[in-house]
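Each step along the sequence shown adds one to the number in the UniProt record's numbering, with nothing skipped, and position 183 is 183. The structure appears below as structure tokens.
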Amino acid sequence: MTNLQNNDQPRVLCVGAILWDVIGRTERHMRVGSDVPGRILRIPGGVAMNIAMTFTRFSLTPVLLGAIGRDDGGEELMRAAGSMGMVTDHLYRSDDLPTDVYMAIEGGNGLIAAIADAHSLEAAGAKILRPMEDGTLGSAGTPYNGTVALDGNLTLALLEEISHSPLFSKADLRIAPASPGKAERLLPLMNHPGATFYVNLEEAGLLLKRDFDNASDAALALTDRGAARAMVSDGGRPAGFAADGEVISQAPPEVMVTRVTGAGDTFMAAHIAAELRGEGAEAALTTALKAAANYVSGNSPQ
């Protein structure tokens, strides 16, 4: 279902948060009030951007749809995206809205705390989707029929609009929450006929208002609820993928975890890329788990 560029590299739309990640990392275990030495990084981030960066490593061409300010941070982010081979022509650029930022603290015991400031993306609203309706990437009469990676940083109102919009009616829609706190925003998309949900075990529980013992049960429950397909990850425990009433499960490789921010986005993007290459369900899940393991172990690019 993927559109092709002149060079025949598959194009995929990445819709959502494109921002700067400011991440403090330390090998030490932390608690509330900890003050420890470590490293502070500033790197391109946001769910849509993280997915796009992984796509480029799989020879896919990401087309970014989101909001980036015309401030210094925005100009730098545009240059960074362009240098990685992403299509930035269709981004909504605002003179009034600053470029969004995500800040996180990671310790040896995992993610300690994070704050996502995606206010500019939320304020831009449906303006980020104009290229999908003005004929640039599609229209209501001829909707985009390729793969769309959509993240839950969009407002609930916009996600509800997307759920029944003709602009997305033909899309191979791949959906991820931005965080457990935003998982319930995705409920309106549950019955989209082309939707694949990518969530972790906690997010699956929040969506369905129940607890699950394992990822396979959660994935099946999501498809029973209406999702066409569902992928559920569970950290170092087996992930589950459900479609057409069947479920497969695989355990991720055991690695030393050195970072966590962006791991789920890497997992999702690698799975999409594998499927677009024609890999079957088992092989695609293996590819995704390996990519995520390489990422959290620090053996792939930031």
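Even glycine gets a Cβ: it sits at the ideal position worked out from N, Cα and C.
- Taking the C-beta atoms as reference points, Gly66 is found nearer than 9 Å to Leu91.
- The C-alpha of Thr147 lies about 15 Å from the C-alpha of Asp265.
- In this structure, Ala242 keeps its C-beta atom at 9 Å or more from the C-beta atom of Leu207.
- Checking the DSSP bridge columns, you'll see Ala116 partnered with Tyr102.
- Between Ala274 and Phe58, the C-beta spacing is below 9 Å.
- When the five nearest sequence neighbours on each side are left out, the beta carbons in the same chain lying within less than 7 Å of the beta carbon of Ala178 are those of Ala17, Val47, Ala116, Asp151, Gly152 and Asn153, in order along the chain.
- Excluding five sequence positions before and after Ala149, the CB atoms of its chain that fall closer than 6 Å to its own CB belong to Cys14, Ile51 and Arg174, given in chain order.
- Taking the Cα positions, Arg93 is about 5 Å away from Gly69.
- DSSP lists Arg25 as the bridge partner or partners of Arg39.
- Judged by beta-carbon spacing, Ala218 lies beyond the 9 Å limit of Ala195, meaning their Cβ atoms are not closer than that value.
- Listed in chain order, the alpha helix (DSSP H) runs fully inside the region 32-79 are 47-57, counting runs of at least 4 residues.
- About 17 Å separates the beta carbon of Val101 from that of Leu64, a gap too long to meet the 8 Å contact definition.
- Contact check between the region 134-147 and the region 159-173: three or more CB pairs, one atom from each, fall below 8 Å, which counts as touching.
- Here Glu203 is buried. Its C-beta has 16 or more other C-beta atoms within 10 Å.
- Excluding five sequence positions before and after Asp95, the CB atoms of its chain that fall closer than 6 Å to its own CB belong to Arg70, given in chain order.
- Partner residues in a beta bridge of Tyr295, as assigned by DSSP, do not exist.
- CA-CA distance, Val247 to Val199, rounds to 15 Å.
- Across the set Ala251, Met190 and Leu129, the C-alpha of Met190 shows the shortest separation from the C-alpha of Leu222.
- When DSSP states are grouped into helix, strand and coil, Phe168 belongs to the helix group.
- In the three-state reduction of the DSSP assignment, Glu161 falls in the helix class, which pools H, G and I.
- Beta-bridge pairing by DSSP links Glu246 to Ala243.
- Secondary structure of Pro188 (DSSP, three-state): helix.
- DSSP places Met268 within a helical segment (H, G or I) once states are collapsed to three.
- Under the criterion of beta carbons closer than 8 Å, Val257 and Ser297 qualify as touching, at roughly 7 Å.
- For the 9 Å CB-CB criterion, Arg25 and Arg39 form a contact.
- Nearest to Leu201 by alpha-carbon distance, out of His192, Ala183 and Leu60, is Ala183.
- Nearest C-alpha to Pro62 among Met78, Val12, Thr142 and Met103: Val12.
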